[in-house]
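Residues 25 to 355 in the numbering used here are what the sequence shown lists, from first letter to last. Virtual Cβ for every residue (Gly too), placed ideally from N, Cα, C. These figures come from a predicted structure and were not determined experimentally. Let me begin by presenting the structure, written as structure tokens, before commenting on it.
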Amino acid sequence: MSNRYWRIESRPEGMNFSQALKLVESPLPEPETNQIVIRNAMLSMDAGTRMWLTDRTDGYQPPLETGTAMTGLVIGEVAASKHPDFPEGTLVRAFGQWADYSLVDPVLAGAVKLDPAVKDKRAWFGPLGMNGWTALWGIEQTGAAKEGETVLVSAAAGATGILAVQIAKLLDCSAWGIAGGAEKCRYLTQEIGIDGAVDYKSGILSDQLDRIGGIDIYFDNVGGPMLDQVLTRMNHYGRVAICGLVSDYSAGTRTSPAEFDQILMRRLRVEGFFSPDFMDQGERLTSRLKEWVDSEAITMPYDVTRGLENVLTAYEKLFTGGNIGKVIVEL
Ligand SMILES: NC(=O)c1ccc[n+]([C@@H]2O[C@H](COP(=O)([O-])OP(=O)(O)OC[C@H]3O[C@@H](n4cnc5c(N)ncnc54)[C@H](OP(=O)(O)O)[C@@H]3O)[C@@H](O)[C@H]2O)c1
25 MSNRYWRIES RPEGMNFSQA LKLVESPLPE PETNQIVIRN AMLSMDAGTR MWLTDRTDGY
85 QPPLETGTAM TGLVIGEVAA SKHPDFPEGT LVRAFGQWAD YSLVDPVLAG AVKLDPAVKD
145 KRAWFGPLGM NGWTALWGIE QTGAAKEGET VLVSAAAGAT GILAVQIAKL LDCSAWGIAG
205 GAEKCRYLTQ EIGIDGAVDY KSGILSDQLD RIGGIDIYFD NVGGPMLDQV LTRMNHYGRV
265 AICGLVSDYS AGTRTSPAEF DQILMRRLRV EGFFSPDFMD QGERLTSRLK EWVDSEAITM
325 PYDVTRGLEN VLTAYEKLFT GGNIGKVIVE L
């Protein structure tokens, strides 16, 4: 039997993923001592992985080597095991490969056993996974959101953002989102029920941001010039929780706020946060998120693509804005 995997041939320029990544065949991997092979059922598409494809060595993770398989979160059953804690048949989530089968050391890959009783397994990528933890942590811990405050989230219709705005509402804040396009903004206000949405693609961002009337917490997924526009509209003693800088990832730019002095003028706290830093609290975060998921207080739309061969179409959506909610590839 053979395996197929996406090999990194070269560093992508912008969004030319089809030139930089190639689907190739290899023999089915065999686990060595303390390794497992996962039969991937689903792949999670995450915008942050775009940075691993660059040659930057000053990011929060070293670059992936060319000639190796593309890495990402996967869900699947253990197909072969030489690790006593992960017997064959166990349902797991781990950092594996964009492949039919992932070969991993479960400890290094952050493998977690999943409760098979959860009906919609996609939730383990979204609200019950890294996006959920990140949204909750960023709003509650880094953003220190308090009842009655105004929270603004960028990339608000994406996987992390759509959870962040809902969590802000659940914590009795006024929740606003920035998203690209009228349909996303309609979705956020009418289907998700947030207080207001700003369409940054409509060309009149500043007027729309003024409508919010002062921001206490900015949960930023985007960075770039949008951050400057928000800094000048922050309330005194506001918090800017830096979750991601997606506008830089494909463009290769680096966010350098021109309005940096507003941090002093408005006495802002600006702090980055990164989900692996609080992975040890995953169980606690998941159980809180699960209560909201089970009571349908949180919803997550999924953008599902089928087939390993179609991964790049799904991946590209993260950078063109083609998705609402969590982008997943089902194999
Ligand atoms: N700190 C952490 O631990 C952590 C963990 C998970 C994710 N993140 C961050 O969270 C952010 C979202 O990631 P995700 O995986 O959940 O993806 P996602 O939000 O589902 O998809 C990315 C979204 O970003 C928006 N976008 C793309 N390019 C943009 C640009 N140039 N300007 C403005 N918006 C743009 C697009 O929506 P529009 O149509 O609105 O443009 C797109 O749908 C990323 O910055 C990622 O690095 C951080």
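Starting from the C-beta of residue i, find all residues in its chain whose C-beta is less than 6 Å away, skip the five residues before and the five after it, and write them out in chain order.
{"i": "residue 305", "result": "none"}
{"i": "residue 240", "result": "173, 174, 259 and 262"}
{"i": "residue 248", "result": "271 and 279"}
{"i": "residue 198", "result": "174 and 219"}
{"i": "residue 120", "result": "62, 98, 126 and 128"}
How far does the beta strand (DSSP E) with residue i in it extend, from its first residue to its last?
{"i": "residue 249", "result": "Segment 249-255 is the alpha helix (DSSP H) holding residue 249; no beta strand (DSSP E) there."}
{"i": "residue 78", "result": "No beta strand (DSSP E) holds residue 78; DSSP gives it neither H nor E."}
{"i": "residue 266", "result": "258-266"}
{"i": "residue 64", "result": "60-68"}
{"i": "residue 104", "result": "95-105"}
{"i": "residue 350", "result": "350-354"}
{"i": "residue 165", "result": "Element bounds for residue 165: n/a, residue is neither H nor E."}
{"i": "residue 329", "result": "326-330"}
{"i": "residue 271", "result": "No beta strand (DSSP E) contains residue 271, which is instead part of the alpha helix (DSSP H) from 270-273."}
Taking all protein chains shown into account, decide if residue i is buried (16 or more other Cβ within 10 angstroms of its Cβ) or exposed.
{"i": "residue 32", "result": "buried"}
{"i": "residue 55", "result": "buried"}
{"i": "residue 284", "result": "exposed"}
{"i": "residue 262", "result": "buried"}
{"i": "residue 289", "result": "exposed"}
{"i": "residue 53", "result": "buried"}
{"i": "residue 300", "result": "exposed"}
{"i": "residue 334", "result": "exposed"}
{"i": "residue 17", "result": "Since the first residue of the chain shown is 25 and the last is 355, residue 17 is not available in this structure."}
{"i": "residue 98", "result": "buried"}
{"i": "residue 307", "result": "exposed"}
{"i": "residue 72", "result": "buried"}
{"i": "residue 43", "result": "exposed"}
{"i": "residue 234", "result": "exposed"}
{"i": "residue 91", "result": "exposed"}
{"i": "residue 105", "result": "buried"}
{"i": "residue 256", "result": "exposed"}
{"i": "residue 81", "result": "exposed"}
{"i": "residue 68", "result": "buried"}
{"i": "residue 254", "result": "buried"}
{"i": "residue 35", "result": "exposed"}
{"i": "residue 218", "result": "buried"}
{"i": "residue 193", "result": "buried"}
{"i": "residue 338", "result": "buried"}
{"i": "residue 154", "result": "buried"}
{"i": "residue 84", "result": "exposed"}
Spatial neighbours of residue i within its chain, please: C-beta separation below 7 Å, excluding the five flanking residues on both sides.
{"i": "residue 224", "result": "202, 204 and 250"}
{"i": "residue 303", "result": "134"}
{"i": "residue 348", "result": "181, 208, 211, 325 and 327"}
{"i": "residue 336", "result": "41, 42 and 45"}
{"i": "residue 294", "result": "264, 266 and 287"}
{"i": "residue 79", "result": "35 and 87"}
{"i": "residue 369", "result": "Residue coverage of the chain in this structure runs from 25 to 355, which leaves residue 369 outside it and unanswerable."}
Anyone know if the C-beta pair for residue i and residue j falls short of 8 Å?
{"i": "residue 177", "j": "residue 188", "result": "yes"}
{"i": "residue 58", "j": "residue 129", "result": "yes"}
{"i": "residue 48", "j": "residue 125", "result": "no"}
{"i": "residue 322", "j": "residue 86", "result": "no"}
{"i": "residue 184", "j": "residue 159", "result": "yes"}
{"i": "residue 149", "j": "residue 340", "result": "no"}
{"i": "residue 214", "j": "residue 222", "result": "no"}
{"i": "residue 156", "j": "residue 313", "result": "yes"}
{"i": "residue 298", "j": "residue 166", "result": "no"}
{"i": "residue 186", "j": "residue 216", "result": "yes"}
{"i": "residue 116", "j": "residue 136", "result": "yes"}
{"i": "residue 112", "j": "residue 103", "result": "yes"}
{"i": "residue 276", "j": "residue 245", "result": "no"}
Between which two residues does the alpha helix (DSSP H) carrying residue i extend?
{"i": "residue 41", "result": "41-44"}
{"i": "residue 312", "result": "306-318"}
{"i": "residue 223", "result": "Counting along the chain, residue 223 falls outside any alpha helix (DSSP H), though it belongs to the beta strand (DSSP E) covering 220-223."}
{"i": "residue 206", "result": "206-210"}
{"i": "residue 226", "result": "Run containing residue 226: none; DSSP gives neither H nor E here."}
{"i": "residue 245", "result": "Per DSSP, residue 245 belongs to no alpha helix (DSSP H) and is neither H nor E."}
{"i": "residue 30", "result": "That residue, residue 30, is in no alpha helix (DSSP H); its beta strand (DSSP E) goes 26-32."}
{"i": "residue 343", "result": "335-344"}
{"i": "residue 10", "result": "With the chain covering only 25 through 355, there is no way to say anything about residue 10."}
{"i": "residue 176", "result": "Element bounds for residue 176: not the alpha helix (DSSP H) but the beta strand (DSSP E), 174-177."}
{"i": "residue 189", "result": "183-194"}
Give a yes or no on whether the minimum CB-CB distance between residue i and chain D is below 8 Å.
{"i": "residue 278", "result": "Looking at the structure shown, chain D is missing, and only one protein chain is on hand."}
Between residue i and the rest of its own chain, which residues show a CB-CB distance below 8 Å, the 5 nearest in sequence each way excluded?
{"i": "residue 88", "result": "32, 76, 77, 94 and 95"}
{"i": "residue 343", "result": "39, 71, 74, 270, 273 and 274"}
{"i": "residue 27", "result": "49, 50, 51, 52, 53, 123, 124 and 125"}
{"i": "residue 291", "result": "260 and 261"}
{"i": "residue 309", "result": "156, 157, 160, 161 and 302"}
{"i": "residue 145", "result": "65, 66, 99, 115 and 138"}
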